[in-house]
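Q: Residue numbers (the working numbering): 432 to 550.
Here it is, the structure in full.
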């Protein structure tokens, strides 16, 4: 996994979270529709809260980009690279917020550089 095989598109097609292990039994992934439904239930509830909040202000903490938004960038960036991004599509306020906070910002660019270990 040092080579990042679990983050490649072929693996993410089997397990959208890119986690190991992934067990396959007769070509049926254990990452099942039940797990996907549970994710939608739990994550959908959270997104509903965010959708309401972002209907009241441009960002989580008000009308200015803040540490609250920056804190969500790594996870949001990761989720947008998986099948979980489908969950964002039904939330127009959250989708607009994601597009805004993932736009090129010095703070986010620095975060990505530090996370990759390339200073």
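Positions of the beta carbon are idealized from the N, C-alpha and C atoms, including for glycine.
Quick caveat: nothing in here was measured; it's all calculated off a predicted structure.
Would you decide whether residue 485 is buried or exposed? Buried here means 16 or more other CB atoms lie within 10 Å of its CB.
A: buried
Q: Out of 478, 539, 544 and 536, which has the shortest C-alpha to C-alpha gap to residue 520?
A: The candidate whose alpha carbon is nearest that of residue 520 is 478.
Q: On the DSSP bridge assignment, give the partners of residue 435 in chain order.
A: Answer is none; residue 435 lacks a bridge partner.
Q: Helix, strand or coil for residue 486 per DSSP?
A: Helix, per DSSP.
Q: Under a Cβ-count criterion, where at least 16 other Cβ atoms within 10 Å of its own Cβ denotes burial, should residue 480 be classed as buried or exposed?
A: exposed
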